[in-house]
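Chemist:
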Amino acid sequence: MVDLLFYVAALVAVLTAVGVVLARNPVVSVVSLLSCFGSLAVIYLLAGFQFLAAIQILVYGGAIMVLFLFVVMLLNLGGLNPEDEDRDDPLFHDRRRSAGGLAVAVALGSASLIGILRGARHLAEPTNGLVPPEEGFDALPALAEAMFTRYSLPFEAASVLLLATTVGVMVLAKRQRSIPPAGEERS
Amino acid sequence: MTHDWLWLIPALPLLGSLLCALQHAQVLRGRATNPDLQPGVGAGATAIAAMAAAFGLCLRGFGDIVGETELLQSSSWAWIPGGGGLDIQVAMVLDRLSGAMALVVTGVGLLIHVYAAGYMRGDAGYAKFFAFLNLFVTMMLVLILSGNMVGTFVGWEGVGLCSYLLIGFWYDRDGGNPGHAAQKAFVVNRIGDACFLLGMFLLFTTFGTLDYANLIEGIRAAAMGGENAGTLTLAALLLFGGACGKSAQFPLFTWLPDAMAGPTPVSALIHAATMVTSGIYLVIRLNPLFAASEVALFLVAAIGAATALIAGSSALRQRDLKGILAYSTVSQLGYMFLALGSGAWVAALFHVITHAFFKALLFLGAGSVIHGMHEEKDVHKMGGLRRHMPRTFITFTCGAAALSGLPLLSGFFSKDEILAHTFAVGGAWWLLWGVGLFTAALTAYYSWRMVALVFFGEERFDVATVHPHESPPIMTVPLMVLAALSLVGGIIGLPAVFHVPHLLGEWLDPVVRTGNEILEHRSGGHLPHLSHTMEWILLGLGSAIALGCAHLGFHRNKNGLAAEVAFETDHPKLHGALSDAWGIDRAYYAGVVTPVRFLAALVAVFIDAFCIDGAINAMADAAKRAGTRLKAFADGQVASYGLWMGGGAAVIALLWALGGN
Amino acid sequence: MSVPTEHLLALAAILFAIGVAGFFTRRNLIVVLMSIELMLNAANLTFVAGSRLHSSTGAVQVDGPIFVIFIIAVAAVEAAVGLALVIALYRQKQTVSLDAFARLED
Amino acid sequence: MNPDLIAQYFNAECAAALAPLVTLAGGLLLLIVAEWFEPMNRLRPLLFVGSILGAAWAEVALLNAPVAAVLGGTYSADKASALWGLVFLASTLIAWVHARSYYRKSRPFLGEHDMLLLTAPIGMMMMAGALDLTVFFIGLELLSIPLYCLASFRRDRSESVEAGLKYFVLGAFSVGLFLYGASLIYAATGTLSLTALTAAAATGFSPMAQVGMAFVLGSLLFKLSVWPFHLWVPDVYQGAPTPVTILMATGTKAAALAFTLRITGLLPESSAGLIALLAVLTMAAGNLGALVQSNLKRLLAYSGVAHAGTLLLLVAAQRASGELSYEATSAALFYMAAYVATAGGAFGLLAWLEADGEHFTQIESLKGLGRRRPAMAAAMTLFLLSLGGIPATGGFLAKWMVFSVTLDAHLTGYAIAGVLMSVIALAYYLRVIAAMYMEPASDQVAPPMAKRTDAMLATAFCAAAVLVMGVLPSVFLGLI
């Protein structure tokens, strides 16, 4: 039952991911990506990482994707703007580039798959029984402890990162203040 | 005992250089407010004083080593302190070889500085010129006096850099394209420098030291024990490659004739007397290394002979006065390498010294002529100048006589010693001896052709507008000193048949002893030797050839251009080949420069086409009608960059995914 | 019955490849950014699978899940910066197409 | 939480190790306060320089009492990372000084500019000191995010926005590669600690981990600007405001190199040849690319690519010899210290010229600079010669050390190729020198120049450093 749920979630994840890439309308892409993240959250849940599932929904779904949607709406890109959008077929508007891109994607993907399949034999444990988790699997306490001891440096640094990002984004996105005329400007 | 004052020898010209640079800066600042301001005239005096002081110190050091000590050494300075195997201690060493070289460099350099003070008068970059010139001398002294290969390399690169600056000194003048010549000189030199660097690395990895004294010990042990023969040969060849670049040997000599675009004192100092001899210095310094390898010796001799012949023949048909001298210099440098390849280390240095005298003299004399002729360099447009510039005429003729090897003059003895040695080695060297002898004939011919065309016959210029005048004493006095040296300089190396000691040979013996021992060891105890009769025959042969060809060259040309014109019409192809230096330069352009440029352009286009799209963008702009289709080509630069990145990562990933374990 | 780890890892690899494909083929910057999010999520999934693989009931291997949390934080940061740049670009060129910037070249 | 646990992690050693980071972060907070609190506004430069100097002081303290590993083995402040820290701080300070004169006329967001600039070295230090992939990753972001913003800081110029976007898009891609690679390594080995990973790699990585390593290496090569990951370099260097280019060219590269050297143990043993090959190709791409440039910023960018190739030789040498040797570390540190001074000086001069309104972008426009501004031209010449590796400059010794390490690792052929490449390199550096000294000035009249004491001091500092490193390298090598 649980493993069936996993395969359904996996299928949805793949289909929606393809949807992100193929959709002509950015809004559709955003919604597809949201569903993809949702199905990944299901998988995390199945694997016993409730906390990750929660922040996947809250942060990814609730914050990041809404940000995307917001920008799409702000710039009014919902409709098909012939200048911005891939006119005919989003994948093949430029055959050379797309072919190259697909080739690289396939190469990277297959390299990973080969590594995974060849590496599976090297894995320490017998490779089954991971989904669903065994009884009493609870990652949260250990996670919290590590986060505030061993990982306190990146944790604090992440706060500095957020601060810097706030500053940087404000500079980038603020409407242009009037800048003194091009006295020292290059023409 | 350490002699830390040795540091002063290069430091003094460096100080002079800095002072001149300061004066130049003041000139620049002054000119901003007053464009007519006279350039910093104090610079010449400063530079000359620095040179004189350095010369004095060299003399003092020289006096010290004439006594019981064989060499003076300063305390060493830890340039790169050891710790991880790399330990470079730099020290100044004045031994018999570097002492002699340093004397020539500072002595001839001093004379040239004096001359330049007159020659460059009124030039806008007067102070700058002396700053460069003093800096050059500094670097040359570092090259010579360093007791360590790294220090030599510093000087090696430094003189290249100064040469670049000085060749391009008159970058803003028309004709000759000095900027291009400077760049060519530097890049060709750098090819040699790369070889030098590699050879140095090789020696370091083999012997674990770059200190000359230790290195020579190591080489001696290896050569006597017959170890590492391949490495020694390779190292010798690489270093010889470096020497080829700096000393303008085939096939790297093409920069030297172009380098004549620089002011004439520069040609005299750098491209005749000092920098170009640094390759010879290096080989003498490492003589055991070369002595240990038959292959290296033969290659050195063969390249030397080939260079002598090619350049000597090219000098025959040049019309540019400095061009004749330039090819002649290349040819004489070839002689020196011929000597080195025959194991005649002393003869090579002997020729370095005499050549420094007479070639500096010739260049300075040529400068005086060109100066008097209002920058005319074409010998076809001169003639009859002996009446206008008597002092220049007499001194110049002395130099030409020495160059052509007229009996008993300095060039005669040094050239004869080289040829005698080559002959004595025998075997394949006999062929090289023949080449050398033939080149000697060419040398005599073109020297006297040059004298005849410049100073004899009718005035072939417009007497109404051009008034040749003798140069001021500040220029002619150095000429006279050099002329005297050219005439009698040979006494330091009289041949054995004269039954007087070979002064230079005895002096240099400690330096070349190891090399000779190795040569002796390799040949089983037989050093090449000539009987006195044979030596007399060779001397006679040399004298006869020199006198005969000099006579021929002079008489065919003393009455005007008839012989020149006749040759040109009779043998147009030969004339073209000779005046073009056998087309080697053009072959370079076709074979090396153009392909490299093409490669660079190809890469540019390649990157553009795939990534930067410059060309395609331009096309798209130009041909709007192609519009969308071409734009599809031109779009997505970021994606193309990413494609290369992703592709690179994918290749590595696939390699490692499929590899091992 | 349970799901073998390889399947989780393979799912991640497929998602990663789809993300890469989207990155290279799309020229709408916003969609390109979303493709990058897909790549990051593939990494997340692999970390989760790896953590399960190397955990036992008593001792949870937490390095992976912690990295996931950091990745989510950084994804937010990158999205913010990326979208700010999108807005800056849009102000200049009235477009969000990658083709709009190809001026820097020689 | 358990107090013992806290005491175990947050001890005096930890405080010492993190002191430079904390100083910079504190400076950042003070800068924010200063921005918001009017009376403190004028103190901003003081705060910036103060925090840099404070951090430098903390690094020097660490140099005398290095700390091997803190925070459960996730971060180290050993001697090498302390020295790297000093390199980063110098690079940041040079960039900042030039930014001050670059943005001299009142520009909006200067406070924000300083804040972003002060964040970058925190990230670099985390990268250099990381013993754990998580720490490295956050450091990487902490460096990259400010740089994205700074690169597009001049939003009035489309080139600037473009540069920021290109850097960002490709940077985000490389981060994706890194993360997926790290996750594969983790899935294969169950650890993210470099110490544990090195031990695991010694007994052989599984193919999965090796693929992961390939991805991680790819993202590092991107930051190092190695062929074929280098294509963004000329565009971004050219478009970004020049002071930011200083930081990108020197600091970022140093940080990426420091980390790459740390993880060479994780690369497959057979990869030394591959990396050396990449190094030589990078040198070729950089040098040939530079040969045909007419724009000085692009030329220097390509030359930076060539230098990255030389540095990569060091990585290959270290992989080939199998362990982090003293020579390799000192060569890397010396090379980057010299490169910070040289490239920092050269790009700094460009920033200065640009701020003065000289139309500097083309080599053409440098014509006659030797006459117009002799001191500036002399400094530029010095920097170019050092980049070209002429003896008696820091650049020569740096190259020398790298090549000797390479030879010790028996990568002879690659070392020879590297030496030969330096011949090509000289050709284009000389072209610039020739333009400055040997070609008559173009007609355009240079505008009246304001005295820029700060930029002048920075240039003089760089020039002195280049010379001292060339003549008295023991001053620097003694530190290592």
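Protein chains in written order, with the working numbering: chain Z, 1 to 187; chain G, 1 to 661; chain Y, 1 to 106; chain U, 1 to 480.
Don't be surprised by glycine CBs; every beta carbon is placed ideally from N, CA and C.
Let me confirm a value: ASP580/G is counted as buried when at least 16 other C-beta atoms fall within 10 Å, else exposed. Which label applies?
Modeler: Classification of ASP580/G: exposed, given that the 10 Å Cβ count is below 16.
Chemist: In whole angstroms, what separates the C-alpha of GLY614/G from that of ILE18/Y?
Modeler: In this prediction, GLY614/G scores a pLDDT of 42, lower than 50, which makes its location untrustworthy; the coordinate-derived value is nonetheless stated afterwards. Cα-Cα distance, rounded: 31 Å.
Chemist: Anything in chain G within Cβ reach of GLY20/Z, meaning under 9 Å, just list it in chain order.
Modeler: According to the sequence shown, residue 20/Z is Val rather than Gly. In chain order: nothing, as chain G lies at least about 17 Å away.
Chemist: Taking only the alpha-carbon atoms, compute the straight-line gap between PHE23/Y and VAL211/U and give it to the nearest angstrom.
Modeler: Near 20 Å, if we compare the C-alpha coordinates of VAL211/U and PHE23/Y.
Chemist: Beta-carbon of SER144/U versus every beta-carbon of chain G: anything under 8 Å?
Modeler: Closer than 8 Å: no.
Chemist: In chain Y, which residues lie less than 7 Å from ALA187/U when you measure between Cβ atoms?
Modeler: Neighbours of ALA187/U on chain Y, chain order: LEU9, THR46, ALA49, GLY50, LEU53.
Chemist: Output the distance between the C-alpha atoms of HIS505/G and VAL419/U, rounded to the nearest integer angstrom.
Modeler: Here residue 505/G turns out to be Gly, not His, going by the sequence shown. One C-alpha to the other measures close to 38 Å.
Chemist: Could you tell me the distance, in whole angstroms, from the CA atom of LEU15/G to the CA atom of GLY42/G?
Modeler: Whole-angstrom Cα-Cα distance: 14 Å.
Chemist: If I'm right that ASP166/G touches PHE132/G with Cβ under 8 Å, what's the distance once you round it to whole angstroms?
Modeler: A small fix is needed here, since residue 166/G is Leu in this sequence, not Asp. The Cβ separation is near 5 Å, so the contact holds.
Chemist: Could you have a look at ASP570/G and say whether DSSP puts it in helix, strand or coil?
Modeler: It is helical.
Chemist: Just to check, is the beta-carbon of ALA375/U closer than 7 Å to a non-hydrogen atom of the ligand ADP?
Modeler: Of ligands this structure carries none, so the ligand ADP is not represented either.
Chemist: Can the beta-carbon of LEU192/U be found closer than 8 Å to that of ASP63/Y?
Modeler: Yes, these two residues count as a Cβ contact at 8 Å.
Chemist: Report the CB separation of LEU52/Z from TYR60/Z in whole angstroms; it is logged as a contact under 8 Å.
Modeler: Contact flag wrong, Cβ pair sits at about 10 Å.
Chemist: How many Å lie between ILE9/G and ALA54/G at the Cα?
Modeler: In a straight line, the C-alpha of ILE9/G is about 5 Å away from that of ALA54/G.
Chemist: Would you say TYR226/Z lies against chain U (beta-carbon separation less than 8 Å)?
Modeler: Only positions 1 to 187 of chain Z appear in this structure, which leaves residue 226/Z out of reach.
Chemist: Could you tell me which residues DSSP pairs with ASP211/G in its beta bridges?
Modeler: ASP211/G is bridged to ASN148/G.
Chemist: Does DSSP classify TYR75/U as helix, strand or coil?
Modeler: Reduced to three states, the DSSP call for TYR75/U is strand.
Chemist: Taking 8 Å as the threshold, find out whether the segment 304-319 of chain G comes into contact with the segment 361-376 of chain G through three or more Cβ pairs.
Modeler: In short, these stretches do not touch, since the Cβ pair count stays below three.
Chemist: Using 8 Å as the limit for Cβ to Cβ distance, is ALA626/G near chain Z?
Modeler: At ALA626/G the pLDDT is 33, less than 50, meaning the model places this residue with poor confidence and gives no usable figure here.
Chemist: Report yes if the CB atom of THR361/U is closer than 8 Å to the CB atom of ASN295/U, and no otherwise.
Modeler: Against a cut-off of 8 Å, the Cβ pair of ASN295/U and THR361/U comes out as a contact.
Chemist: Flag ILE114/Z as yes if its beta-carbon sits less than 8 Å from any beta-carbon of chain G, otherwise no.
Modeler: Answer yes: the Cβ-Cβ gap between ILE114/Z and chain G drops below 8 Å somewhere.
Chemist: Apart from the five residues just before and just after GLY490/G, which ones in its own chain have a Cβ nearer than 6 Å to its Cβ?
Modeler: So the list reads SER410, PHE413, once near-sequence residues are dropped.
Chemist: According to DSSP, is GLN89/G part of a helix, a strand, or is it coil?
Modeler: Reduced to three states, the DSSP call for GLN89/G is strand.
Chemist: Can you find the residues in the same chain that come closer than 7 Å, C-beta to C-beta, to SER543/G, ignoring five residues on each side of it along the sequence?
Modeler: Excluding residues within five positions, the ones whose Cβ falls inside 7 Å are PRO407.
Chemist: Interface residues of chain Z around ALA76/Y at Cβ under 9 Å?
Modeler: The contacting residues are VAL59, TYR60, ALA63, ILE64, LEU67, LEU162, THR165.
Chemist: I need the DSSP call for VAL169/Z, collapsed to helix, strand or coil.
Modeler: Three-state result, VAL169/Z: helix.
Chemist: For CYS195/G and ALA243/G, I'd like the C-alpha separation in whole angstroms.
Modeler: Each residue's Cα considered, the two are about 9 Å apart.
Chemist: DSSP three-state call for ALA78/G: helix, strand or coil?
Modeler: In the structure shown, ALA78/G sits in a strand (DSSP, three-state: E or B).
Chemist: ALA111/Z versus chain U: which residues are under 8 Å apart at the beta carbon?
Modeler: Those are VAL211, ALA214, listed as they occur along chain U.
Chemist: Which residue from GLY265/U, CYS149/U, THR459/U puts its Cα closest to that of ALA200/U?
Modeler: Among GLY265/U, CYS149/U, THR459/U, the Cα nearest to that of ALA200/U is on GLY265/U.
Chemist: Does the Cβ of GLN23/G have 16 or more other Cβ atoms within 10 Å, making it buried, or fewer, making it exposed?
Modeler: Counting Cβ neighbours within 10 Å, GLN23/G comes out buried, since at least 16 surround it.
Chemist: Can you grab the Cα-Cα spacing for the pair ALA116/G / THR397/G, in whole Å?
Modeler: Going by the C-alpha atoms only, they are around 21 Å apart.
Chemist: For a contact defined as C-beta to C-beta under 9 Å, what are the partners of ILE87/Y on chain Z?
Modeler: Going along chain Z in sequence order, the residues near ILE87/Y (Cβ under 9 Å) are VAL71, LEU74, LEU75, LEU172, ALA173.
Chemist: Over what stretch of residues does the alpha helix (DSSP H) that includes ALA68/U continue unbroken?
Modeler: Per DSSP, ALA68/U belongs to no alpha helix (DSSP H); it is in the beta strand (DSSP E), 67-70.
Chemist: So GLY100/Z contacts chain G; which residues on that side make the cut at Cβ distance below 7 Å?
Modeler: The answer, in chain order, is LEU643.
Chemist: What span of residues does the alpha helix (DSSP H) with LEU494/G cover, start to end?
Modeler: Where LEU494/G is concerned, there is no enclosing alpha helix (DSSP H), given that its DSSP letter is neither H nor E.
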